[in-house]
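**Q** According to mature numbering (1 follows the signal peptide of the UniProt record, and there is no 0), the residues represented by the sequence shown are -23 to -1, 1 to 183, in order.
We put the beta carbon where it would ideally sit given N, CA and C, even for glycine.
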Amino acid sequence: MTRQISVALLSAAALALGGCATAVPPIEVTRFHASAPAGWAPGTRYTVDTAPLGNAGAMIDPPSLEWNSYRTAVEQQLQRQGLVAAPDGARAPLKVRIGFERMNREGVGRRSPVSVGVGGSTGSYGSGVGLGIGLNLGGGPKRMADLQLAVRIDDAASGQAVWEGRAVTAVPVKAPASQPSLAAAKLAEALFKDFPGESGRTISVK
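Right, dumping it as structure tokens:
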């Protein structure tokens, strides 16, 4: 009987761990805008500035392959809002500037919330058996990737920003969600959720 309970509890723990490994962390999103985005008619054209957007709106190094992943993801979201990419070399009323940052760091080790056989009179799942084996399922510190996507949409004629937003998250470096294409798609989707969004408010998107 004890062996059967042990197997059942360890199986449950493995399933819980698997769920944690595949879960997508929440993304913090902040948007700022004028009233213009709500009035953009379907078919409004835009161009993308090929100089990546850096901190505080500064231009940084030339586009990389990873930046191109973010550009693709952002353009997919723009087109879902009814905007249309202008042909190469053509003028458009909107100019889009895109930037991203990736910074790796050491995460903090933690103990898994899943507890297997910690002993006591009731045991897990009310089995009435204390198995007496404590497992630290959390492991040691993980390397984390801090990811940030920033997008600014300018009025091309005046150069003034009419919408800008930032999406930030942190994922384990080795997790599928840290891969450029997946990270870009998830951040862009969160950033444009319920576009244009409430100006000045930070929300958490899962």
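If you reduce the DSSP assignment to three classes, tell me which class residue 19 lands in.
**A** Of the three classes helix, strand and coil, the one that applies to residue 19 here is coil, per DSSP.
**Q** Suppose the cutoff is 8 Å on Cβ atoms and the five residues either side in sequence are ignored; what does the same chain contact list for residue 66 look like?
**A** Within the same chain, residue 66 has no close Cβ partners at all.
**Q** Distance check for residue 77 and residue 124, CA to CA, integer angstroms please.
**A** The alpha-carbon atoms of residue 124 and residue 77 are separated by roughly 7 Å.
**Q** Measure the C-alpha to C-alpha separation of residue 174 and residue 8 and round it to an integer number of angstroms.
**A** Computed Cα separation, rounded: 6 Å.
**Q** According to DSSP, is residue 60 helix, strand or coil?
**A** Here residue 60 sits in coil by DSSP.
**Q** Hey, residue 50 and residue 152 are a contact pair by Cβ (cut 8 Å); roughly how many whole angstroms apart?
**A** Between residue 152 and residue 50 the Cβ distance is about 18 Å, and since that is not below 8 Å, they are no contact.
**Q** Are at least three pairs of beta-carbons, each pair with one atom in the region 15 to 24 and one in the region 154 to 162, less than 8 Å apart?
**A** No contact exists between the region 15 to 24 and the region 154 to 162.
**Q** Quick check on residue 181: buried or exposed, where buried means 16 or more other Cβ atoms within 10 Å of its Cβ?
**A** That one is exposed.
**Q** Whole angstroms are fine: how far does the CA of residue 4 sit from the CA of residue 121?
**A** Roughly 15 Å between the two C-alpha positions.
**Q** Whose C-beta lies closer than 6 Å to the C-beta of residue 74 among residues of the same chain, with five residues either side of it excluded?
**A** So the qualifying residues of the chain are 26, 30 and 129.
**Q** Identify which residue in 140, 170 and 43 has its Cα closest to the Cα of residue 54.
**A** If we check each option's Cα against that of residue 54, 170 comes out closest.
**Q** With DSSP as the reference, label residue 125 as helix, strand or coil.
**A** Looking at residue 125 - three-state DSSP - the assignment turns out to be strand.
**Q** From the DSSP output, in three-state form, read off residue 157 for me.
**A** Three-state DSSP puts residue 157 in a helix.
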